[in-house]
Amino acid sequence: MNAIETHHLTKRFGGFTAVDDLTFSVRAGEIFGFLGANGAGKTTAMKMLTGLAAPTSGDATVAGRSIRDHAVSVKKRIGYMSQRFSLYEDLSVRENLRFFGGVYGLDDATLADRIARFETTYHMSGRMHTRVKELPLGIKQNVAFGTALLHQPDIVFLDEPTGGVDPITRRRFWGMLVEEAARGTTLFVTTHYMDEAEYCDRIGMMVDGKLVALDTPARLKQTMGVATMDDVFVKLARGGAA
Amino acid sequence: MNAFLGFILKEFRHILRDRRTLAILFGLPIVQLLLFGYAIRNELTSAEIAVWDQARTAESRAAIARLEAGGYFRVMGRVDSETQVDHLFRRGVVRQVVVFPTDGPRVHLITDGSDPNMARLLQRYTMGVLSDVEPGKDVRTTYLYNPGLKSANLFVPGLMAVILMLVSTLMTSISLTREKETGTLETLLASPLAPAQIIWGKVLPYLLVSFVNVGTVLVIARAVFGVPFNGSVALFIFVSLLYAFTALALGMLISTVARTQQTAMMLSLGGLLLPTILLSGFIYPISNMPDILQAISHVIPARWYMVANRAILLKGAGLADIGREVLILAGMTALFLTVSIRRFPIRLD
Ligand SMILES: Nc1ncnc2c1ncn2[C@@H]1O[C@H](COP(=O)(O)OP(=O)(O)O)[C@@H](O)[C@H]1O
Ligand SMILES: [Mg+2]
Numbered sequence: 018m019n020a021i022e023t024h025h026l027t028k029r030f031g032g033f034t035a036v037d038d039l040t041f042s043v044r045a046g047e048i049f050g051f052l053g054a055n056g057a058g059k060t061t062a063m064k065m066l067t068g069l070a071a072p073t074s075g076d077a078t079v080a081g082r083s084i085r086d087h088a089v090s091v092k093k094r095i096g097y098m099s100q101r102f103s104l105y106e107d108l109s110v111r112e113n114l115r116f117f118g119g120v121y122g123l124d125d126a127t128l129a130d131r132i133a134r135f136e137t138t139y140h141m142s143g144r145m146h147t148r149v150k151e152l153p154l155g156i157k158q159n160v161a162f163g164t165a166l167l168h169q170p171d172i173v174f175l176d177e178p179t180g181g182v183d184p185i186t187r188r189r190f191w192g193m194l195v196e197e198a199a200r201g202t203t204l205f206v207t208t209h210y211m212d213e214a215e216y217c218d219r220i221g222m223m224v225d226g227k228l229v230a231l232d233t234p235a236r237l238k239q240t241m242g243v244a245t246m247d248d249v250f251v252k253l254a255r256g257g258a259a
Numbered sequence: 038m039n040a041f042l043g044f045i046l047k048e049f050r051h052i053l054r055d056r057r058t059l060a061i062l063f064g065l066p067i068v069q070l071l072l073f074g075y076a077i078r079n080e081l082t083s084a085e086i087a088v089w090d091q092a093r094t095a096e097s098r099a100a101i102a103r104l105e106a107g108g109y110f111r112v113m114g115r116v117d118s119e120t121q122v123d124h125l126f127r128r129g130v131v132r133q134v135v136v137f138p139t140d141g142p143r144v145h146l147i148t149d150g151s152d153p154n155m156a157r158l159l160q161r162y163t164m165g166v167l168s169d170v171e172p173g174k175d176v177r178t179t180y181l182y183n184p185g186l187k188s189a190n191l192f193v194p195g196l197m198a199v200i201l202m203l204v205s206t207l208m209t210s211i212s213l214t215r216e217k218e219t220g221t222l223e224t225l226l227a228s229p230l231a232p233a234q235i236i237w238g239k240v241l242p243y244l245l246v247s248f249v250n251v252g253t254v255l256v257i258a259r260a261v262f263g264v265p266f267n268g269s270v271a272l273f274i275f276v277s278l279l280y281a282f283t284a285l286a287l288g289m290l291i292s293t294v295a296r297t298q299q300t301a302m303m304l305s306l307g308g309l310l311l312p313t314i315l316l317s318g319f320i321y322p323i324s325n326m327p328d329i330l331q332a333i334s335h336v337i338p339a340r341w342y343m344v345a346n347r348a349i350l351l352k353g354a355g356l357a358d359i360g361r362e363v364l365i366l367a368g369m370t371a372l373f374l375t376v377s378i379r380r381f382p383i384r385l386d
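Written out as structure tokens, the structure reads:
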């Protein structure tokens, strides 16, 4: 079963086509890497899939429902970590969790249970009452991820979650994503760090609004005859279609 | 936890944890009211008057000398005819003419009543300086332009309108654009919360804050400036909250247009402060304005609130007397809110 299916999904801003006729699918439970240079259209595509922007044409099914006709029920089934930081800095970790839990309609008992689990999963005991702005960036990112997972969504969208973070923290963060995917959650992750592609089950490569390749990292490297994802990207960006 | 209650709780936390917000919310109204209020009072250090000495007695000459010496007044000259008096008033050269008649009361004060606060002060000070006169018996008073001082205490009720408008629009527009800037608004919009829930969740906490502000302003108005309170307190609070609501909704509307806190602040301050002060009847009587400005003043919420709150405070008006103003404010609020809710999600991409 597919978690996401897009059909000729397109977004234009005036005469400029930011996302150009995307048709692809993401399998349930996989980590799908959405790769591309800055301005390739990753965020715009993600905004359409999360109901933040309406497609100019085409459609997509997310968690089994059309984003055009059932935006609200799609929103209940997904989690979202935006490109910019998505928590309230002036609220404590616990207050953020309680707030977003409420937004997704969790009842008090469930919420208390999930918060307790969050505390152990992310090693946050003793830090639950800390204001988010006082946390180190790496921890903030964990908290944001944990918050996006609080209502146990089928699919989590992460837009450049590791932007501006050091390599060790990035690796740890990806370790966390891999664990979460193992529990059955579908992860749709954009990044422009090509080395991160190795963590993904499959990769969609975006160039100028178009999806130019879609496969596992190993097969992409193999068909291109190169050793690293970086080289795959360079080859694709220069115009060699897959 | 209920999503909407949670939202409101979160807003309160934002308010209480941001010192700048707190300062604006609760400090600004007090400081403004006191500053403006006292600035007006202090003007009396050199109020322009003229004297008309018909009696020409030793007593009247002594009285004039006291007026000239006191420091409260600047005696712009002597007059000796009705036409001269008219002329000085119409050109705004003097605010009061002190007449010493040959018969009748010993002093006749002709005061420009278009600024009632000032008129009161002038008369009080004049009588103070003349010290030996007894109001009612020795003094006759006439108000020009505004006989009977029907809109007495023009100033403080007007100031309430300006302060509530400013604080309310500023606060809501900043609070929403801040969420745009930090990116949390995107997270909210990707959640199942409806735009209407977000808007109401933003407006209601500030409505409560406005309630505190209305109270503060009212207490200061009574205790410091001695504004009379002739009407019903409940009605006054109702109308003030309705007006605050209008301003909050306007703040929402501003934040659907503005992308940054800075723009929101400029729109609220630059775009609202001046029209509210100049076109609402706060400083210049609307009836004295050119037609075009009079027409524009109809869309200024403060105009309607000022009419209503003066009527309640000063004339003891009931709901029936201010029905039109209440309806207009309610209509404006509904319009601002509806447009905000409809425009809200569109503005994100
Ligand atoms: N609201 C908008 N109006 C006009 N152009 C936009 C808008 N949003 C994005 N774009 C343009 O669309 C292109 C793709 O942007 P984006 O999806 O953010 O790329 P990415 O996330 O891959 O870096 C960019 O050229 C960007 O300037
Ligand atoms: Mg992006």
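Each protein sequence line maps, in turn, to chains A and B. All the letters of the first sequence, read from the start, carry residue numbers 18 to 259 under my numbering. All the letters of the second sequence, read from the start, carry residue numbers 38 to 386 under my numbering. We put the CB at the ideal spot given by N, CA and C, even for glycine.
Exercise. For the 8 Å Cβ check, are there 3 or more pairs between the region 136 to 151 of chain A and the region 79 to 97 of chain A?
Worked result: No: fewer than three Cβ pairs fall under 8 Å.
For this session: Determine which residues of the region 231 to 249 of chain B have a Cβ less than 7 Å from any Cβ of chain A, and write them out in chain order.
Result: Across the region 231 to 249 of chain B, no CB contact with chain A closer than 7 Å is found for any residue.
For this session: Specify, as a first and last residue, the run of the alpha helix (DSSP H) that Phe49 (chain B) falls within.
Result: Start at 1 with the first residue of the second sequence, and residue 49 (chain B) comes out as number 12. Residues Ala40 to Arg54.
For this session: Taking C-beta pairs closer than 9 Å, name the residues in chain A that Arg296 (chain B) reaches, listed in chain order.
Result: The residue given as residue 296 (chain B) occupies position 259 in the second sequence. For Arg296 (chain B), none of the residues of chain A pass the 9 Å Cβ criterion, the least Cβ distance being about 13 Å.
Exercise. Apart from the five residues just before and just after Arg78 (chain B), which ones in its own chain have a Cβ nearer than 8 Å to its Cβ?
Worked result: Locating residue 78 (chain B) in the second sequence gives position 41, counting from the first residue. Bear in mind that a pLDDT of 48 at Arg78 (chain B), under 50, signals an unreliable position, so the model cannot answer this.
Exercise. Any idea what DSSP makes of His24 (chain A), helix, strand or coil?
Worked result: Your numbering for residue 24 (chain A) matches position 7 in the first sequence. Looking at His24 (chain A) - three-state DSSP - the assignment turns out to be strand.
Exercise. CB Thr179 (chain B) to CB Ile147 (chain B), shorter than 8 Å?
Worked result: Along the second sequence, one-based indexing puts residue 179 (chain B) at 142. Along the second sequence, one-based indexing puts residue 147 (chain B) at 110. Judged by beta-carbon spacing, Ile147 (chain B) lies within the 8 Å limit of Thr179 (chain B), meaning their Cβ atoms are closer than that value.
Exercise. Of the residues B:Val376, B:Val256, B:Ile291 and B:Met197, which one's Cα is nearest the Cα of Ser401 (chain B)?
Worked result: This structure gives no information on residue 401 (chain B), because the portion of chain B shown stretches from 38 to 386.
Exercise. So does Ala35 (chain A) have its beta carbon nearer than 7 Å to some heavy atom of ligand 1?
Worked result: The count along the first sequence starts at 1 and reaches residue 35 (chain A) at position 18. Yes, ligand 1 has a heavy atom inside 7 Å of this Cβ.
Exercise. If you run the structure through DSSP and keep just helix, strand and coil, what is Gly220 (chain B)?
Worked result: For the purposes of this step, residue 220 (chain B) is taken as the residue at position 183 of the second sequence. If DSSP states are grouped into helix, strand and coil, Gly220 (chain B) belongs with coil.
For this session: Can you grab the Cα-Cα spacing for the pair Val193 (chain B) / Thr127 (chain A), in whole Å?
Result: Residue numbering aside, residue 193 (chain B) sits at position 156 when the second sequence is read from its first letter. Residue numbering aside, residue 127 (chain A) sits at position 110 when the first sequence is read from its first letter. Approximately 52 Å, taken between the alpha carbons.
For this session: Along the beta strand (DSSP E) that carries Phe33 (chain A), what are the first and last residues, could you check?
Result: Taking the first sequence and counting its residues from 1, one reaches residue 33 (chain A) at position 16. Per DSSP, Phe33 (chain A) belongs to the beta strand (DSSP E) from Phe33 to Leu39.
Exercise. Of all the residues that make up the region 85 to 101 of chain A, which are near chain D by a beta-carbon distance shorter than 7 Å?
Worked result: Given the protein chain composition of this structure (A and B), no chain D is represented.
Exercise. Does ligand 1 have a heavy atom nearer than 7 Å to the CB of Phe30 (chain A)?
Worked result: Taking the first residue of the first sequence as position 1, residue 30 (chain A) is located at position 13. Correct: Phe30 (chain A) has its Cβ closer than 7 Å to ligand 1.
Exercise. Would you say the beta carbon of Lys59 (chain A) comes nearer than 7 Å to a heavy atom of ligand 3?
Worked result: Among the ligands present in this structure, namely ligand 1 and ligand 2, ligand 3 is not found.
Exercise. Got a sec: is the Cβ-Cβ distance from Gly180 (chain A) to anything in chain B below 8 Å?
Worked result: As a working note, residue 180 (chain A) is residue 163 in the first sequence. Not an interface residue.
Exercise. Quick one, which residues of the region 103 to 117 of chain A are near chain B if we go by CB-CB under 8 Å, in chain order?
Worked result: Residues of the region 103 to 117 of chain A whose Cβ lies closer than 8 Å to any Cβ of chain B, in chain order: Ser103, Leu104, Tyr105, Glu106, Asp107, Leu108, Glu112, Arg115, Phe116 and Phe117.
Exercise. Should Leu70 (chain B) go down as buried or exposed, given a rule of 16 or more other Cβ atoms within 10 Å for buried?
Worked result: Along the second sequence, one-based indexing puts residue 70 (chain B) at 33. By the Cβ neighbour-count rule, Leu70 (chain B) is buried, with 16 or more other Cβ atoms within 10 Å of its own.
Exercise. Listed in chain order, which residues of the region 177 to 207 of chain A have Cβ atoms closer than 7 Å to some Cβ of chain B?
Worked result: Residues of the region 177 to 207 of chain A whose Cβ lies closer than 7 Å to any Cβ of chain B: none.
Exercise. Any idea what DSSP makes of Gly75 (chain A), helix, strand or coil?
Worked result: Here residue 75 (chain A) refers to the residue found at position 58 of the first sequence. Here Gly75 (chain A) carries a strand assignment [DSSP, helix/strand/coil].
Exercise. Helix, strand or coil: how does DSSP classify Phe63 (chain B) here?
Worked result: On the second sequence, position 26 is the one that residue 63 (chain B) refers to. Of the three classes helix, strand and coil, the one that applies to Phe63 (chain B) here is helix, per DSSP.
Problem set entry | Within chain B, partners of Leu167 (chain A) - CB distance below 8 Å | Locating residue 167 (chain A) in the first sequence gives position 150, where the first residue counts as 1. What Leu167 (chain A) touches in chain B, judged by beta-carbon distance under 8 Å, is nothing: the nearest beta carbon there is about 11 Å away.
For this session: Spatial neighbours of Ser377 (chain B) within its chain, please: CB distance less than 6 Å, with the 5 preceding and 5 following residues excluded, ordered by chain position.
Result: Numbered from 1 along the second sequence, position 340 holds the residue referred to as residue 377 (chain B). Around Ser377 (chain B): Ile236, Met289, Leu290 and Thr293.
For this session: Give a yes or no on contact between the region 171 to 186 of chain A and the region 217 to 228 of chain A, applying the rule of three or more CB pairs nearer than 8 Å.
Result: In this structure the region 171 to 186 of chain A does not lie against the region 217 to 228 of chain A, because fewer than three pairs of beta carbons, one per stretch, are closer than 8 Å.
Exercise. Comparing the C-beta of Leu226 (chain B) with each C-beta of chain A, is any distance below 8 Å?
Worked result: Position 189 of the second sequence, counted from the start, is the residue given in the question as residue 226 (chain B). Yes, Leu226 (chain B) lies at the interface with chain A (some Cβ there is under 8 Å from its Cβ).
For this session: Can you pull the chain B residues whose beta carbon is under 7 Å from the beta carbon of Thr34 (chain A), in chain order?
Result: Taking the first sequence and counting its residues from 1, the one referred to as residue 34 (chain A) is at position 17. Within 7 Å Cβ-Cβ: nothing; Thr34 (chain A) doesn't reach chain B, min ~14 Å.
Exercise. By Cβ distance, which residues of its chain are closer than 6 Å to Thr370 (chain B), with the 5 residues on each side in sequence left out?
Worked result: Position 333 of the second sequence, counted from the first residue, corresponds to residue 370 (chain B). Phe282, Thr283 and Ala286.
Exercise. So which residues of chain A does Thr58 (chain B) contact, with C-beta pairs closer than 8 Å?
Worked result: Along the second sequence, read from residue 1 onward, the residue named residue 58 (chain B) stands at position 21. Result: empty, since nearest Cβ-Cβ is about 10 Å, beyond 8 Å.
Exercise. For Arg44 (chain A), does the three-state DSSP call read helix, strand or coil?
Worked result: In the first sequence, residue 44 (chain A) corresponds to position 27, counting from 1. Reduced to three states, the DSSP call for Arg44 (chain A) is strand.
Exercise. So what does Met98 (chain A) bridge to, in DSSP terms?
Worked result: The sequence position of residue 98 (chain A) within the first sequence is 81, counting from 1. Met98 (chain A) is bridged to A:Leu175.
Exercise. Given that a residue counts as buried once 16 or more other Cβ atoms are within 10 Å of its Cβ, and exposed if not, what is Ala95 (chain B)?
Worked result: What you label residue 95 (chain B) is simply residue 58 of the second sequence in a count that begins at 1. Residue environment analysis places Ala95 (chain B) among the exposed positions, since fewer than 16 neighbouring C-beta atoms fall within 10 angstroms of its C-beta.
Exercise. Along chain B, which residues have their Cβ under 8 Å away from the Cβ of Tyr8 (chain A)?
Worked result: Any property of residue 8 (chain A) remains undetermined from this structure, which presents chain A solely from 18 to 259.
Problem set entry | Extent of the continuous beta strand (DSSP E) to which Gln133 (chain B) belongs | Numbered from its first residue, the second sequence carries residue 133 (chain B) at position 96. Counting along the chain, the beta strand (DSSP E) containing Gln133 (chain B) begins and ends at Gln133 to Phe137.
For this session: Could you tell me whether the region 142 to 149 of chain A touches the region 193 to 211 of chain A, where touching means 3 or more Cβ pairs closer than 8 Å?
Result: No: the two stretches stay apart, fewer than three of their Cβ pairs being nearer than 8 Å.
For this session: Taking Thr375 (chain B) and Met202 (chain B) to be in contact with their CB atoms under 8 Å, please state how far apart those CB atoms are, rounded to whole angstroms.
Result: Here residue 375 (chain B) is taken as the residue at index 338 of the second sequence, counted from 1. Here residue 202 (chain B) is taken as the residue at index 165 of the second sequence, counted from 1. Actually they do not touch by this definition, with Cβ atoms about 20 Å apart.
Problem set entry | Inter-residue Cα distance where the pair is Tyr105 (chain A) and Thr163 (chain B) | For the purposes of this step, residue 105 (chain A) is taken as the residue at position 88 of the first sequence. For the purposes of this step, residue 163 (chain B) is taken as the residue at position 126 of the second sequence. Rounded to the nearest angstrom, the two C-alpha atoms are 60 Å apart.
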